[in-house]
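Everything below concerns the one structure shown next.
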């Protein structure tokens, strides 16, 4: 069978061991193809049910729910540790946003080490902003270099902040090699890999990491983030934000601040109970599917995007913005085009395909192996090819700065 | 009619202009009397429906929901500003936890002023912990004084952090007088007043405040907190946590950090969309009832607790832990007793009354005027009197440190 045929895509879907997961997500528009799970994951049916149950539980149990709810950050953390991150129980917690967790871990590192702060220029904006703020606050030099490899080659660094998967190019960094290449503390942002790319933090020698849960972990818009500190570093590092959920014996309220042992010391305020339940359900689906199977399917689908790009899109002025080699790529493929912005708008409005756009000229096509199919990929690329061939991207309102 | 009779309590309920609000909250246990809305508010029916709708919206709209969701922090903030806080549009936003917001505002003040940090020893633990951390970080003296009045009398202070309502005693601080009494910046924690006590931040000359939304604002367990910065201070102050939701033109991602104008600069990471919807519904109920009517009913019910305490409980060894004068009291009344802990356990387990306990000997009885009735108060105190008279608090498992 022609490897680029729709029949072949359907055959791969029929043989897909994960195909049953697709029906465990809400999808009320069968015509729309969603390739933006790298930005916001779909709603699992189990999450819809769990949230309804938890809202009812709030109404019924009121404060008597707290003895159970209070463990939710640790419970969700342990679930991620075991099934998603390759960490030990007690090394991961869920709290705050990715930005706040970056602030906490990076600040903790700077409190203990002298030296510069380094990241790559292409790192995600909030990562760079957090570092700019910390550099000013701690009076440290902030060095922006070209690549993660350049970052770990810098001398005199206290802190290197890197993303495991680059949010634009999908370039996949080598956790173990880069962590080992520097004496500085490396904080890893796993936002664009957790749930789609195997991560084995212990095996890679990673000691500090954060990440997002509303992308491949399907925990819902604005869901709280996770934070990992290797066991052997927990006693040494302290969050800059001293709060009552990080306090030892939290309800003995008369004492001075005395941080809890373990990962709990990186908590600050009251945990978001509803959102934590949503995350648990999302993480359970990922655990059930298994990260190995998810990765295999993700690679196959991204390879299909690359192949269809080469065959259909390169002649239309597209170029590949992501590594061709799957081993160096996360779970999305970026396509670049001089008219990327109107093409992106047309894809959504006229072709029923949802990618996402990052300026100036990046169209990201994300595959979420729990619910994206090979046929989705084939159909999306086919629609993309057709609309550009027909010049439909010249027919849409693509005023600059318009939000899609 | 005897002012301490159940008939009188029923008569007050019959005449209560807010009586219709009680049925707009979930209450599936008519026998249980909930006097802990000062810790976790009840679930509004409208919130249950709104959360279900918003979860469905996540499932259906996916990333296309963001153009609307992204305004939720400002929308919720403006609702609170107008109906709860006496602030102007654009002066309040909702983000993170109370603890993280305290950290942000207190840190911003210390970045601009030299001098000591002052609070009262009885302030809420997380408030004190945040200050301990900031004192260490900014190399400032932290002075713990006895009362809010003592705090503003300190000389050489840069920052005074005060709670509007004391979480144990319910003592109500005078926002305007205390703010005016010092040259230091006063950051107000409104966690125990917002939604139950009138707050007019502009009229009181308050410039900086934070507060909790899961108490009298009924936004759900672990709901995000609000943060207020007076318009005239917004340009001068900067959050220590530089994140992408605080950035001007957030999606123009290639630039250095440049904080947005206005209150948005105090945002950090991605806002918690589900929780913000819950807060909007809770705040709308408060707005509809009107803070004046809520306060009048709260005062009447707290006065009833005081009167019944005097008549029934003082002879049983109780003493009043809260001001007798309603003008100096928030929306709960604390009772103290040498056997407070076993009494608290017995109240919950044997009498179906839910108060809350703060060590070593404080039983807090909170009234939430949206759903607490005068009859609730009468019945709760009657059950409390009965169980102590019968010595039932000696029949429960009240091991120290047990969580209720």
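Residue numbers (the working numbering), protein chains in the order written: chain G, 1 to 404; chain P, 405 to 808.
Ideal Cβ positions, reconstructed from N, Cα and C, are used throughout, including at glycine.
### Query
If you scan the stretch 597-641 of chain P from start to end, which runs of the alpha helix (DSSP H) of 4 or more residues do you find wholly inside it?
If only complete runs of 4 or more residues are kept, the stretch 597-641 of chain P shows the alpha helix (DSSP H) at 635-638, in order along the chain.
### Query
Could one say the Cβ of residue 504/P lies closer than 9 Å to chain G's Cβ atoms, at least one of them?
Working through the second chain from its first residue, we reach residue 504/P at position 100. For residue 504/P, the answer is yes, since a Cβ of chain G falls inside 9 Å of its Cβ.
### Message
Three or more C-beta pairs under 8 Å: does that hold for the stretch 665-678 of chain P against the stretch 422-438 of chain P?
### Response
no
### Task
Determine the direct distance from the alpha carbon of residue 352/G to that of residue 404/G, and round the result to whole angstroms.
Position 404 of the first chain, counted from the start, is the residue given in the question as residue 404/G. Position 352 of the first chain, counted from the start, is the residue given in the question as residue 352/G. In this prediction, residue 404/G has a pLDDT of 46, which is less than 50 and means its spatial position is unreliable; nothing more can be read from the coordinates.
### Task
Step through the CB atoms of chain G and report whether any lies within less than 9 Å of the CB of residue 773/P.
For the purposes of this step, residue 773/P is taken as residue 369 along the second chain, with counting starting at 1. It does not: the Cβ of residue 773/P has no partner Cβ on chain G nearer than 9 Å.
### Query
Do you know whose CA, among 293/G, 227/G and 238/G, lies nearest residue 107/G's CA?
The residue you call residue 107/G lines up with position 107 of the first chain. Taking only the C-alpha atoms, the option nearest residue 107/G is 238/G.
### Task
Could you check which residue in 533/P, 508/P and 794/P has the C-alpha nearest to that of residue 243/G?
In the first chain, residue 243/G corresponds to position 243, counting from 1. Nearest neighbour of residue 243/G by Cα position, chosen from 533/P, 508/P and 794/P, turns out to be 533/P.
### Message
With DSSP as the reference, identify every bridge partner of residue 34/G, one or two as the case may be.
### Response
Here the question's residue 34/G lines up with position 34 in the first chain. Looking at the DSSP assignment, residue 34/G forms a beta bridge with 354/G.
### Task
Quick one: list the residues of chain P neighbouring residue 103/G, beta-carbon separation under 7 Å, in chain order.
Here residue 103/G is taken as the residue at index 103 of the first chain, counted from 1. Simply 645.
### Query
Where does residue 808/P fall in DSSP's three states?
As a working note, residue 808/P is residue 404 in the second chain. Unreliable placement is indicated for residue 808/P, whose pLDDT of 46 sits below 50; the coordinate value is still reported in the next sentence. When DSSP states are grouped into helix, strand and coil, residue 808/P belongs to the coil group.
### Message
If contacts are defined as beta-carbon pairs under 8 Å, then residue 740/P and residue 722/P qualify, I think. What distance do you get, rounded to the angstrom?
### Response
In the second chain, the residue the question calls residue 740/P occupies position 336. In the second chain, the residue the question calls residue 722/P occupies position 318. With a Cβ gap of about 7 Å, residue 740/P and residue 722/P count as contacting.
### Task
Report yes or no: is there a C-beta of chain G within less than 9 Å of the C-beta of residue 705/P?
What you label residue 705/P is simply residue 301 of the second chain in a count that begins at 1. At a cut-off of 9 Å between C-beta atoms, residue 705/P does not count as an interface residue with respect to chain G.
### Query
With a CB to CB cut of under 7 Å and the five nearest residues on each side skipped, what residues in its chain are close to residue 783/P?
By 1-based counting over the second chain, the position of residue 783/P is 379. Correct list, in chain order: 437.
### Query
In terms of DSSP beta bridges, what is residue 524/P paired with?
Taking the second chain and counting its residues from 1, one reaches residue 524/P at position 120. In DSSP, residue 524/P forms a bridge with 549/P.
#### Entry: Where residue 439/P meets chain G, residues with beta-carbon distance less than 8 Å
The residue you call residue 439/P lines up with position 35 of the second chain. By Cβ distance, chain G contributes nothing, its closest Cβ being about 10 Å from residue 439/P, past 8 Å.
### Message
Once the 5 residues before and after residue 707/P are set aside, which same chain residues still bring their CB inside 8 Å of it?
### Response
The count along the second chain starts at 1 and reaches residue 707/P at position 303. Within the same chain, and ignoring the five residues on either side of residue 707/P in sequence, the residues whose Cβ sits closer than 8 Å to its Cβ are 730.
### Query
Near residue 474/P, what residues of its chain come up, given a Cβ to Cβ distance below 8 Å and the 5 sequence neighbours on each side ignored?
Taking the first residue of the second chain as position 1, residue 474/P is located at position 70. Closer than 8 Å at the Cβ level, and outside the excluded window around residue 474/P, lie 675.
### Query
Is the Cβ-Cβ distance between residue 710/P and residue 728/P less than 9 Å?
Numbered from its first residue, the second chain carries residue 710/P at position 306. Numbered from its first residue, the second chain carries residue 728/P at position 324. Cβ atoms of residue 710/P and residue 728/P: closer than 9 Å.
### Task
Please compile the residues from chain G whose C-beta is within a distance smaller than 7 Å of the C-beta of residue 533/P.
As a working mapping, residue 533/P is identified with position 129 in the second chain. In chain order: 242, 243, 244, 247 and 257.
### Query
Does the beta carbon of residue 752/P come closer than 9 Å to any beta carbon on chain G?
In the second chain, residue 752/P corresponds to position 348, counting from 1. Yes, residue 752/P counts as interfacial toward chain G.
#### Entry: Nearest-angstrom beta carbon gap, residue 763/P and residue 253/G [assumed within contact, 8 Å]
Residue 253/G sits at position 253 when you count from the first residue of the first chain. Residue 763/P sits at position 359 when you count from the first residue of the second chain. Taking 8 Å as the upper bound for CB-CB distance, residue 253/G and residue 763/P are in contact here, some 7 Å apart.
### Task
Give me whichever residues DSSP pairs with residue 332/G in a beta bridge.
As a first step, residue 332/G must be located in the first chain, where it is residue number 332. According to DSSP, which records beta bridges pairwise, residue 332/G is partnered with 366/G.
### Task
Would you tell me roughly how many angstroms separate the C-alpha atoms of residue 377/P and residue 56/G, rounded to the nearest one?
In this structure chain P extends from 405 to 808, so residue 377/P is not present and cannot be described.
### Message
Using beta carbons (cut-off 9 Å, strictly below), is residue 58/G in contact with chain P?
### Response
The residue given as residue 58/G occupies position 58 in the first chain. Yes, contact with chain P.
### Task
Could you spell out the range, first to last residue, of the alpha helix (DSSP H) harbouring residue 107/G?
Here residue 107/G is taken as the residue at index 107 of the first chain, counted from 1. Run containing residue 107/G: 98-112, per the alpha helix (DSSP H) assignment.
### Message
What residue range does the alpha helix (DSSP H) around residue 672/P cover?
### Response
In the second chain, the residue the question calls residue 672/P occupies position 268. No alpha helix (DSSP H) contains residue 672/P, which DSSP labels as neither H nor E.
#### Entry: Straight-line Cα distance separating residue 583/P from residue 714/P
Within the second chain, residue 714/P is the residue found at index 310, counting from 1. Within the second chain, residue 583/P is the residue found at index 179, counting from 1. The alpha-carbon atoms of residue 714/P and residue 583/P are separated by roughly 34 Å.
### Message
Less than 9 Å between CB atoms is the rule here; does residue 47/G satisfy it with respect to chain P?
### Response
Looking up residue 47/G in the first chain gives position 47. Taking Cβ atoms only, chain P reaches closer than 9 Å to residue 47/G, which makes this a yes.
### Message
Quick check on this structure: which residue in 457/P, 600/P, 451/P and 506/P has the alpha carbon closest to the alpha carbon of residue 592/P?
### Response
One-based indexing of the second chain puts residue 592/P at position 188. Of the listed residues, the one whose Cα sits closest to residue 592/P is 506/P.
### Query
Taking Cβ positions, are residue 230/G and residue 248/G nearer each other than 9 Å?
Indexing the first chain from 1 puts residue 230/G at position 230. Indexing the first chain from 1 puts residue 248/G at position 248. At the C-beta level, residue 230/G and residue 248/G stay beyond 9 Å of one another.
### Task
Mind checking who residue 497/P pairs with in its DSSP beta bridge?
Residue 497/P sits at position 93 when you count from the first residue of the second chain. Paired residue(s): 631/P.
### Query
Is residue 764/P helix, strand or coil when you go by DSSP?
Walking along the second chain from the start, residue 764/P turns up at place 360. Note: residue 764/P maps to coil in three-state DSSP.
### Query
residue 210/G touches chain P at which residues, Cβ-Cβ below 7 Å?
Reading the first chain from its first residue, position 210 is the one you call residue 210/G. None at all; the shortest Cβ gap to chain P is about 10 Å.
### Query
Going along the chain, which residues of its own chain have a beta-carbon closer than 8 Å to the beta-carbon of residue 531/P, five neighbours each way excluded?
What you label residue 531/P is simply residue 127 of the second chain in a count that begins at 1. The answer, listed in chain order, is 506, 523, 565, 567 and 593.
### Query
Is any beta-carbon of chain G found at less than 9 Å from that of residue 446/P?
As a position in the second chain, residue 446/P is number 42, starting the count at 1. It does: the Cβ of residue 446/P has a partner Cβ on chain G nearer than 9 Å.
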